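With this note's numbering applied, the sequence shown corresponds to residues -5 to 355, in that order. Here a beta-carbon is modelled for each residue, glycine too, at the ideal position from N, C-alpha and C. All of these numbers come straight from a predicted model, not from anything done at the bench. First comes the structure, then the notes that go with it.
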Amino acid sequence: MAAYIVRRLLLIVPTLVAIMVLNFTIVQFAPGGPIDQIIAQIEGRGDTVGGLTGQRSETVGQQSSGEGQTRGTRGLDPEFIAQLEKQFGFDKPLYQRFLLMMGNYAVFDFGDSFFQARSVTDLILEKMPVSISLGVWTTLLVYLISIPLGIRKAVRDGSRFDVWTSAVIVVGYAIPGFLFAVLLVVLFAGGSYLQVFPLRGLVSSNWHELGLVDKVLDYLWHMVLPITAMVIGGFASLTMLTKNSFLEEINKQYVLTAKAKGLDERGVLYGHVFRNAMLLVIAGFPSAFVSVLFTGALLIETIFSLDGLGLLGFQAALSRDYPVMFGTVYFFTLLGLLLNLIGDIMYVAIDPRIDFEARES
């Protein structure tokens, strides 16, 4: 297993580079780079970014090769445009900008944001508590709800319990999580009815003045509504995946043989079926966590005014803040690749019969 882990760690490097090359290339065809954003603001044609020309960035960005001609038709001083291009690193060839960017990223130097006068690392660390809170709590609760529920539905397949829980699951699957979030705001956050929970922020403004117990309670109080909205929208598919996995295993010959030998149903279920059925469920854990952590929480962050990584990446894409865009892409790609490796290790932990090294050989 150790040799397999080493090979997987080494494979992360070319995979990460290939993904960054793909994203880098795609950005070349996206209209309106950072320089265009600045010029638009100077000319009063937009306010997509805030105060920025006095900042410098050591992280390289990207700009389409035809931008200079487009800007030249706007009547601005070419020296001013050349100064901006040099300031943001756009005076270098594309391959040099990419190599410099990847060299900095290799030592986790993500440079400075073009438009926020702060380092990308500081921005990521600042937004991390929100995204980690949403990702960890949502994934944990979804698995704690979906796995027992899916197992029970498989065992009682076709019963009244299976039917009415399936109806609830269909509703949870059909209605997007952000609609549940809006409903929760209306009902419990000062919308049209009650104001039981806060509407914005991860903690209260006086959080630093509270004692330890009060800090924990205040944090959990703020997490109730966003986590509820994300769990309701996320447990349906995992529940059905768990049920179908267990149903498939329950109907196999080895289960019938175990029952024929006198083993009780609980012993068969958790002693034999569980290990095999859970492999498929665990396979989706890394992607589920990364999805919740980065993309799945974007609308929830917006509705509940939670300033997390999803919102940071989205705003960076709108403003063409390349250091933030590519810093977050690099970070989450690396995180996803490592979580996939952890998922493989969990396979072996649950079922020691799995031998990745033997399969590769």
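In the DSSP assignment, Gly304 falls within the alpha helix (DSSP H) that extends over 303 to 313. C-alpha of Ile139 to C-alpha of Leu333: approximately 22 Å in a straight line. When rounded, the separation of the alpha-carbon atoms in Leu305 and Ile20 is 21 Å. Non-local beta-carbon contacts of Leu16 in its own chain, meaning distances under 8 Å to residues more than five positions away in sequence, are absent. Each residue's CA atom was taken as its position, placing Ala291 and Ala24 some 25 Å apart. Here DSSP, grouped into helix, strand and coil, assigns Asp156 to helix. For the pair Leu263 and Leu235, the CB atoms are not nearer than the 9 Å cut-off.
Burial state of Gln31 is buried, judged by a 10 Å Cβ sphere holding 16 or more other Cβ atoms. Membership of Lys209 in the alpha helix (DSSP H) is indicated by the continuous run 206 to 244. For Ala161 and Arg154, the gap between their C-alpha atoms comes out near 11 Å. The beta carbon of Glu295 is closer than 6 Å to those of Gly302, Gly304, Leu305 in its chain, skipping five residues each way along the sequence. When C-alpha distances from Gly227 are compared across Gly171, Leu193, Arg260, the shortest belongs to Gly171. In the same chain as Ala310, and ignoring 5 residues on each side of it, the C-beta atoms closer than 6 Å to its own belong to Val318, Met319, in chain order. Separation of Ile244 and Val267 (C-alpha to C-alpha, rounded to the nearest whole angstrom) is 7 Å.
Membership of Phe108 in any alpha helix (DSSP H) is not indicated, and neither H nor E is assigned to it by DSSP. For Leu93 and Lys80, the gap between their C-alpha atoms comes out near 17 Å. If you look at Arg150, you'll find it isn't in any alpha helix (DSSP H); DSSP assigns it neither H nor E. With respect to the C-alpha of Tyr89, the residue from Ile33, Val114, Gln22, Gly129 having the closest C-alpha is Gln22.
For Arg260, the uninterrupted alpha helix (DSSP H) segment begins and ends at 259 to 262. Residue nearest to Gln110 within the set Leu250, Arg314, Leu204 is Arg314 (criterion: CA-CA distance). Between Thr132 and Met224 the beta-carbon gap is near 4 Å, inside 8 Å, which marks them as a contact. The way I'd put it, the stretch 115 to 131 does touch the stretch 214 to 223; three or more beta-carbon pairs between them come closer than 8 Å.
Of the residues Phe326, Leu196, Phe108, the one whose Cα lies closest to the Cα of Pro123 is Leu196.
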